[in-house]
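Chains A and B, in that order, are what the protein sequence lines are. Its first residue numbered 790, the first sequence is counted upward by one per residue in my numbering. Its first residue numbered 790, the second sequence is counted upward by one per residue in my numbering.
Number of protein chains: 2
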Amino acid sequence: MSGQFYGVGVGPGDPGLLTLLGVEILGLADVVIAPLSEKADESIALTISRPHLKDDVEVREMVFPMVFCPQELNSAWQQNKETIQALLEEGKTIVFITLGDPMVYSTYSYLQQLIQDSGYPVTTVPGVTSFCEMASQLGVPLAQGEEPLCVLPATCREEILDLALQNFDNIVLMKASRNFASLRQKLADAGRLQEAIMVSRCGWPDEQVFTDLSELEPSQVQYLSTILVKRKG
Amino acid sequence: MSGQFYGVGVGPGDPGLLTLLGVEILGLADVVIAPLSEKADESIALTISRPHLKDDVEVREMVFPMVFCPQELNSAWQQNKETIQALLEEGKTIVFITLGDPMVYSTYSYLQQLIQDSGYPVTTVPGVTSFCEMASQLGVPLAQGEEPLCVLPATCREEILDLALQNFDNIVLMKASRNFASLRQKLADAGRLQEAIMVSRCGWPDEQVFTDLSELEPSQVQYLSTILVKRKG
């Protein structure tokens, strides 16, 4: 009998934002998979999860390349998938942990498809997103009434960014560190720089809130930074 | 000494999607405020919260009109605010509960501003949104890589809906029951009806998933229905 594969969104950083179901699933894990990137943010998911794991759990940190290339022979994606399949064949309960929500810009969202396509059942537990946490902390609604909300990686196509800045009252810009200088210029060109608030490492002990982005040194913008652009009035 | 005012997002419906912090705050409540609408969905927030409340908690169900009109003398908004202020002056710990996330299309997002403007501290605990839950259940990512995500109430301005359907690969349409027939026509006109999946009462015992919207009777679409439109490939 093959094992079970779960994905758990552990929330944006505050350990209190784990869900009850997430805690329950973490407690079932024989193997926990923590994705690693060069940016070293993801081991935080492990720190959040650790108090809820069994004592004898096996923790595997796996590196997933930014580019999704499962077809490529001997790619890291392919190898990781095969490792997980072998563990499932041993009947192990495997829990993949991910910051925020598993279906919002996560490595997991690719992996769950690979595992599912290989014929294994997958169960995913949603989590609190970083932008919801940010809005709660700032006391700034993401969207009200009939307003639309647009969530964009700061690295998205330029015409999409332009379109959003021209037409959407509420915009969340994720991964704002990647190209902060050009992003700020875009905001200024659209006349919306004054509407922007940036939070770095939201909900973490070293969280920082920036209400004026105009003087900020791009090199000082941290990896986990999100900008909320909100038309006033 | 005045009391404390909290808002807690209890998640989309599954009691397991409450956060640990949410549970902690619910346990502190002297008074719980459950918003009521004519649609009767919100008392579900109370059902989710109930196991975590003190035995002697006071539950107040408050009706908040859809239209936000706090300035209007003797409006329900004004009266509710005054009731809450009086309780805060008594030193009560008040917890306002809300389905999903408190900053995503909720009555709470208006109320927290009123309470804050009156000089009382407000603490908000984010929650899992219905669209994150829906994506996890379907195994369909909301957004990956550089893709944008657009969240719209189905009742938003027509030009915004057109713009989104033309330009965004990933679209979440909330409150899809409000004008289902015209919404479906819009999807068809944009050539995107085949990409649409609708979930009604996601995560609830009577949840329904619709992968073909073409034959659905508009009058049968339930209040808590969300459509995910996702460009394939």
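We put the beta carbon where it would ideally sit given N, CA and C, even for glycine.
Residue i: first and last residue of the uninterrupted alpha helix (DSSP H) it sits in
| i | result |
| --- | --- |
| B:Gly811 | Leu809 to Leu815 |
| B:Leu825 | It is not in any alpha helix (DSSP H) - B:Leu825 instead sits in the beta strand (DSSP E) that spans Val820 to Leu825. |
| A:Leu835 | Ser832 to Ser838 |
Of the residues the options, the one placed nearest residue i, counting alpha carbons only
| i | options | result |
| --- | --- | --- |
| B:Ala977 | B:Leu954, B:Glu847 and B:Leu962 | B:Leu954 |
| A:Lys1019 | A:Ile883, A:Glu984 and A:Ser989 | A:Glu984 |
| B:Phe920 | B:Glu1006, B:Leu1013, B:Ala818 and B:Val797 | B:Leu1013 |
| A:Met892 | B:Leu931, B:Val852 and B:Tyr894 | B:Leu931 |
| B:Ala823 | B:Val929, B:Ser895 and B:Pro859 | B:Ser895 |
| B:Leu825 | B:Pro859, B:Gln793 and B:Ala865 | B:Ala865 |
| B:Ala943 | B:Asn869, B:Val961 and B:Ile883 | B:Val961 |
| B:Pro859 | B:Leu842, B:Leu815, B:Asp803 and B:Gln902 | B:Gln902 |
| B:Val846 | B:Ser832, B:Leu817 and B:Phe857 | B:Leu817 |
| B:Gly992 | B:Leu1005, B:Thr1015, B:Ala970 and B:Thr1000 | B:Thr1015 |
| A:Ala875 | A:Tyr909, A:Thr1000 and A:Glu948 | A:Tyr909 |
| A:Met851 | A:Val929, A:Phe794 and A:Ser832 | A:Ser832 |
| A:Phe853 | A:Val929, A:Lys870 and A:Lys1021 | A:Lys870 |
| A:Glu1025 | A:Cys945, A:Met855, A:Phe794 and A:Leu1005 | Residue 1025 of chain A falls outside the range modelled here, since chain A spans only 790 to 1022, and no answer is possible. |
| A:Asp890 | B:Val929, B:Asp906, B:Ser907 and B:Cys945 | B:Val929 |
| A:Lys1021 | A:Ile986, A:Ser907 and A:Cys945 | A:Ile986 |
| A:Arg849 | A:Arg839, A:Leu952 and A:Ala970 | A:Arg839 |
| B:Glu947 | B:Lys843, B:Met923, B:Gln933 and B:Gln974 | B:Gln974 |
| A:Ala970 | A:Glu1006, A:Asp951 and A:Met963 | A:Glu1006 |
| A:Glu856 | B:Lys843, B:Gln933 and B:Arg967 | What sits at residue 856 of chain A in the sequence shown is Val, not Glu. Considering only alpha carbons, the answer is B:Gln933. |
| A:Asp803 | A:Asp906, A:Leu952, A:Glu922 and A:Asn863 | A:Glu922 |
| B:Met963 | B:Cys945, B:Leu952 and B:Asp951 | B:Cys945 |
N-terminal and C-terminal residue of the beta strand (DSSP E) that residue i is part of
| i | result |
| --- | --- |
| B:Ser1014 | Ser1014 to Lys1019 |
| B:Leu758 | Residue 758 of chain B is absent from the structure shown; chain B starts at 790 and stops at 1022. |
| B:Gln793 | Gln793 to Gly798 |
Test item: CB-CB of residue i and residue j under 8 Å
| i | j | result |
| --- | --- | --- |
| A:Ile904 | A:Ile873 | yes |
| B:Val914 | A:Ser925 | yes |
| A:Val994 | A:Thr918 | Checking the displayed sequence, the identity of residue 994 of chain A turns out to be Pro instead of Val. No, the Cβ-Cβ distance between A:Pro994 and A:Thr918 is not below 8 Å. |
| B:Ala834 | B:Thr912 | no |
| A:Leu982 | A:Ser1003 | yes |
| B:Gln997 | B:Ser1008 | no |
| B:Leu972 | B:Ala965 | yes |
| B:Gly916 | B:Val799 | yes |
| B:Leu877 | B:Gly805 | no |
| B:Phe885 | B:Tyr897 | yes |
| A:Asn956 | B:Ile883 | no |
| B:Thr808 | A:Thr808 | yes |
Anticipated Cβ contact below 8 Å, residue i with residue j, distance rounded
| i | j | result |
| --- | --- | --- |
| B:Glu935 | B:Asp958 | That belief does not hold up - the Cβ atoms of B:Glu935 and B:Asp958 are roughly 10 Å apart, past 8 Å. |
| B:Leu1024 | A:Val940 | Since the first residue shown for chain B is 790 and the last is 1022, residue 1024 of chain B is missing from the structure and cannot be characterised. |
| B:Val820 | B:Lys881 | 5 Å |
| A:Glu861 | A:Gln867 | 7 Å |
| A:Leu815 | A:His841 | 4 Å |
Along the chain, which unbroken stretches of the alpha helix (DSSP H) at least 4 residues long are found entirely within the region 877-934 of chain B? 896-906 and 919-927
Along the chain, which unbroken stretches of the alpha helix (DSSP H) at least 4 residues long are found entirely within the region 940-1009 of chain A? 947-956 and 969-978
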